[in-house]
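**Q** Structure incoming, see below.
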Amino acid sequence: MPEEQDSLIAEVVRELRAQPASDLNARVRVMAAVLQAQPPVRRGSFWDWLLTPRGIRISPLGGLAAVSLVAAAAVAIASLDSDRSADRGQVISTTAAIPPFQTPVPVQFVLVASAASRVAIVGDFNDWNASVTPLRQESRAGLWSVVVPLEPGRHQYAFVVDGKRWLADPSAPRAGDDDFGTPSSVITVGEKQT
Amino acid sequence: MNVRLAAVSLMLVCLPPAVSAQDVRLQGRLDARTRTAVQQIVDSAAASGLPTEPLIDKALEGASKGADDARIVTAVRSLARRLRESRVALGSSANEAELVAGAGALSQGIASSTLSRLRSVRPAERITLPLVVLTDLIARGVPPSTASSVIVSLAGTVSGSDAFSALRRDVQQDIVAGADPAAAVSLRARALLAALPPPPGKVATTTDLEAASTRPPD
Numbered sequence: 743m744p745e746e747q748d749s750l751i752a753e754v755v756r757e758l759r760a761q762p763a764s765d766l767n768a769r770v771r772v773m774a775a776v777l778q779a780q781p782p783v784r785r786g787s788f789w790d791w792l793l794t795p796r797g798i799r800i801s802p803l804g805g806l807a808a809v810s811l812v813a814a815a816a817v818a819i820a821s822l823d824s825d826r827s828a829d830r831g832q833v834i835s836t837t838a839a840i841p842p843f844q845t846p847v848p849v850q851f852v853l854v855a856s857a858a859s860r861v862a863i864v865g866d867f868n869d870w871n872a873s874v875t876p877l878r879q880e881s882r883a884g885l886w887s888v889v890v891p892l893e894p895g896r897h898q899y900a901f902v903v904d905g906k907r908w909l910a911d912p913s914a915p916r917a918g919d920d921d922f923g924t925p926s927s928v929i930t931v932g933e934k935q936t
Numbered sequence: 767m768n769v770r771l772a773a774v775s776l777m778l779v780c781l782p783p784a785v786s787a788q789d790v791r792l793q794g795r796l797d798a799r800t801r802t803a804v805q806q807i808v809d810s811a812a813a814s815g816l817p818t819e820p821l822i823d824k825a826l827e828g829a830s831k832g833a834d835d836a837r838i839v840t841a842v843r844s845l846a847r848r849l850r851e852s853r854v855a856l857g858s859s860a861n862e863a864e865l866v867a868g869a870g871a872l873s874q875g876i877a878s879s880t881l882s883r884l885r886s887v888r889p890a891e892r893i894t895l896p897l898v899v900l901t902d903l904i905a906r907g908v909p910p911s912t913a914s915s916v917i918v919s920l921a922g923t924v925s926g927s928d929a930f931s932a933l934r935r936d937v938q939q940d941i942v943a944g945a946d947p948a949a950a951v952s953l954r955a956r957a958l959l960a961a962l963p964p965p966p967g968k969v970a971t972t973t974d975l976e977a978a979s980t981r982p983p984d
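Chains as they are written, first to last, in my numbering: chain G, 743 to 936; chain D, 767 to 984.
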């Protein structure tokens, strides 16, 4: 039984290994067609050229030279940028020294103006615009108040009563550099060393 | 067309930052001629590395107070000059806050040499707060010479900023209570000196401060 199986297997192997008869002319035609076949001409744009993968052959020495060139260019650009920064040193150092974030501090301003029908506060925190920050009348006795978030620092301000009368804050020191003949007051928020 | 577009884009990217637009806050607050004059001062200050926000703010203050055009331009120009003077006195390492505080002190009649002395006694620390307190003391009625001497002496004696905050607070309380401003600042400065430990290597006596409070700054 095993011998019969062996002979059967051998027969199958022989059949499988036997090459089928082929037409020699057909082979020649196929190969000729393959050789004559042209790769598709790429009439593409610059992008096609740019995006087509390519192999680059380069010697180790050439590679080292290329890396050296890139490194030299990077150093030169960094040096140039450093020179420009030095030219603007005042600005750069100033920017670096300013704290990245300053939390506004709520400050309450109060004025007693019993005859006033409206009061506003103007200052460097609202572009001296009298229509931006009105005070609210807290009592019929003429107490006006508003809370303004101010960034730490020194601020100048004044009250505008009824849209025309300017008043310095009687509870705060006067600003010394009044260039316009109208008094202003000064408030310093926070005690940070900036 | 693509080449033109690329060229225009390149020009826009490479335009120098000095070519600046007018500050929008000035529009509608100043007439065109005044706005142009103010903007020229602002641009010049920016080119010199000076802070420009105080200049814009000064122009807006003048416009809000109804000042005439010439007065606004003069005020802005004066502030720019004080900022420059402040930088000369405080040195190139001064930051924006120091320059503005220095300009404020100069506007109160403080000599630029006082700013330089303040910097020299505190070369490694920011002196914004001493300058602000100096300005506030004068605004409260303390004579500039007395305020300058006390602040410079205190800055050279103690470290940190707590002493200046305390000085301002205490002097303000004394003045509100009716004390003479000059006497109040001298008294409070001596008390602070007696209470605060001096930094290593610097020893000042109450006699130093007393002499400072009566000596003209320069």
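Glycine included, each C-beta is placed from N, C-alpha and C at the ideal position.
Give the single residue among D:822, D:832 and D:904 whose Cα lies nearest to the Cα of residue 870 of chain D.
**A** For the residues D:822, D:832 and D:904, the minimum Cα distance to residue 870 of chain D belongs to D:904.
**Q** Okay, do the stretch 861–879 of chain D and the stretch 827–842 of chain D touch, 3+ Cβ pairs below 8 Å being the bar?
**A** no
**Q** Express the C-alpha separation of residue 847 of chain G and residue 883 of chain G in angstroms, rounding to a whole number.
**A** 28 Å
**Q** With 8 Å set as the bound, which would you pick, yes or no: does the beta-carbon of residue 898 of chain D sit closer than that to a beta-carbon of chain G?
**A** yes
**Q** Going along chain A, which residues have a C-beta under 7 Å from residue 886 of chain G?
**A** In summary, chain A is missing from the structure at hand, where the protein chains are G and D.
**Q** Can you tell me which of the three DSSP states residue 925 of chain D falls into?
**A** coil
**Q** How would you call residue 802 of chain D, buried or exposed, if buried means at least 16 neighbouring beta carbons within 10 angstroms?
**A** exposed
**Q** Give the C-beta separation of residue 877 of chain G and residue 892 of chain G to the nearest angstrom, bearing in mind that I take them to be a contact with Cβ-Cβ under 8 Å.
**A** So it is not a contact: roughly 15 Å between Cβ atoms.
**Q** For residue 924 of chain G, return the contacting residues in chain D, with the cut-off set at a CB-CB distance below 7 Å.
**A** 831
**Q** Between residue 825 of chain D and residue 804 of chain D, is the Cβ-Cβ spacing less than 8 Å?
**A** Yes, the Cβ-Cβ distance between residue 825 of chain D and residue 804 of chain D is below 8 Å.
**Q** Hey, residue 898 of chain G and residue 928 of chain G: beta-carbon distance below 8 Å or not?
**A** A Cβ-Cβ contact shorter than 8 Å links residue 898 of chain G with residue 928 of chain G.
**Q** In its own chain, which residues sit with a C-beta less than 7 Å from the C-beta of residue 872 of chain G, not counting the 5 before and 5 after it?
**A** 862, 864, 902 and 905
**Q** In whole angstroms, what is the alpha-carbon distance linking residue 942 of chain D and residue 833 of chain D?
**A** Using only the alpha carbons, I get a separation of about 32 Å.
**Q** Are residue 956 of chain D and residue 937 of chain D closer than 8 Å when you measure CB to CB?
**A** It is not a contact, given that the beta carbons lie outside the stated cut-off.
**Q** Spatial neighbours of residue 874 of chain G within its chain, please: C-beta separation below 6 Å, excluding the five flanking residues on both sides.
**A** 868
**Q** Residue 897 of chain D lies in the alpha helix (DSSP H); which residues open and close that run?
**A** Note, residue 897 of chain D: alpha helix (DSSP H), 894–905.
**Q** Would you please verify whether the beta carbon of residue 895 of chain G is less than 8 Å from any beta carbon of chain D?
**A** For residue 895 of chain G, the closest Cβ of chain D is nearer than 8 Å.
**Q** Answer yes or no: do residue 811 of chain D and residue 818 of chain D have a C-beta to C-beta separation smaller than 8 Å?
**A** It is a contact, given that the beta carbons lie within the stated cut-off.
**Q** Please confirm if residue 874 of chain D has its CB atom under 8 Å from at least one CB of chain G.
**A** yes
**Q** Take residue 934 of chain D as the anchor and find which of D:915, D:906, D:922 and D:959 has the nearest alpha-carbon.
**A** D:906
**Q** Chain D partners of residue 846 of chain G, CB-CB under 9 Å?
**A** By Cβ distance, chain D contributes nothing, its closest Cβ being about 16 Å from residue 846 of chain G, past 9 Å.
**Q** Take residue 845 of chain D and list the residues in its own chain whose beta-carbon comes closer than 7 Å to its own, dropping the five residues that flank it on each side.
**A** 820, 821, 824 and 869
**Q** So the candidates are G:920, G:887, G:915 and G:803; which of them puts its Cα closest to the Cα of residue 858 of chain G?
**A** G:887
**Q** Starting from residue 878 of chain G, trace the beta strand (DSSP E) both ways and give me its first and last residue.
**A** 878–881
**Q** Under 8 Å, Cβ to Cβ, is there at least one residue of chain D near residue 862 of chain G?
**A** no
**Q** Against chain D, which members of the stretch 896–920 of chain G pass a CB distance test of less than 8 Å?
**A** 896, 898, 908, 915, 916, 917, 918 and 919
**Q** Please classify residue 900 of chain G: does DSSP put it in a helix, a strand, or coil?
**A** strand
**Q** According to DSSP, residue 930 of chain G sits in a beta bridge with which residue or residues?
**A** G:896
**Q** How would you write the range of the beta strand (DSSP E) that residue 853 of chain G sits in, first residue to last?
**A** 847–854
**Q** Looking at the ligand SAH, does it come within less than 7 Å of residue 939 of chain D, judged from the CB to the closest heavy atom?
**A** No copy of the ligand SAH occurs in the structure displayed, which carries no ligand at all.
**Q** DSSP state of residue 865 of chain G, grouped into three classes?
**A** strand
**Q** Secondary structure at residue 891 of chain G, three-state DSSP: helix, strand or coil?
**A** strand
**Q** Run through DSSP, which three-state label would residue 874 of chain D get?
**A** Correct three-state label for residue 874 of chain D: coil.
**Q** If you measure from the beta carbon of residue 844 of chain D to each beta carbon in chain G, is any gap under 8 Å?
**A** yes
**Q** According to DSSP, residue 1055 of chain D sits in a beta bridge with which residue or residues?
**A** The displayed coordinates of chain D run from 767 to 984. Any statement about residue 1055 of chain D would go beyond what the structure contains.
**Q** Using the three-state DSSP reduction, which class does residue 816 of chain D fall into: helix, strand or coil?
**A** Looking at residue 816 of chain D - three-state DSSP - the assignment turns out to be coil, as it is neither helix nor strand.
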